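Structure first, then comments.
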Amino acid sequence: MLLVYLGGLTLFLVADDPVRATLWGLGVLPLAFGALILTPGLTWVYDWLVLNRRGISVMATHSHGYGNKRAFSYADVEGRKHEIKPYLSPRHYRGDPSRIEIVFDPRCPSRARPALPGWHVALQASGPLVLGLPFFAAGLFLVPYQMVDFLLR
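Reminder that position 74 of the sequence shown reads as 83 in the working numbering, one-by-one numbering, no gaps.
As structure tokens, this is what we get:
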């Protein structure tokens, strides 16, 4: 990826096109920043979609920590213990703060999340998606568009 970036920058400099070289050089900043912001939101949506389709719901019990740093342990279908530190706000099972309902992937039991309704995940993911998409789109305009326009002119 770095070679493609440096190759494009070199091509524009050799072709004596300083405007494109500047847009190419600076365009990687919003592209990287947008991708960085989009990653958690897309991960949350992907986890929700995968776990809704093939996940298994189990009860997890508090194992250690406090506040936002609490960890919960659960057993997979083979009886192996796993631990989850929820990145989304868990809903306590019937008001008991020592238990939460989680959903895990039987193919990869370490992939788990609290059992949350779709609207909750959509609200959580909307922030990173709304903030990250404009930056990512601007980066896509500044970087790949410059090369396509340069090659087709």
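Idealized CB from N, CA, C, for every residue including glycine. These figures come from a predicted structure and were not determined experimentally.
Exclusion of the five residues before and after residue 14 leaves 37 as the residues of its chain whose Cβ lies within less than 7 Å of its Cβ. Exclusion of the five residues before and after residue 44 leaves 145 as the residues of its chain whose Cβ lies within less than 7 Å of its Cβ.
When C-beta atoms of the region 28-36 are compared with those of the region 147-157, three or more pairs fall below 8 Å, so the two segments count as touching. Counting only the Cα atoms, residue 56 lies some 10 Å from residue 50.
Shown here, residue 120 sits in a strand according to DSSP, grouped into three states. In the three-state reduction of the DSSP assignment, residue 68 falls in the strand class.
Look at residue 112 here: in three-state DSSP terms it is strand. Rounded to whole angstroms, residue 59 and residue 140 show a C-alpha spacing of 24 Å. By the criterion of a C-beta distance shorter than 7 Å, residue 17 is surrounded in its chain by 33 and 156, once the five residues flanking it on both sides are discounted.
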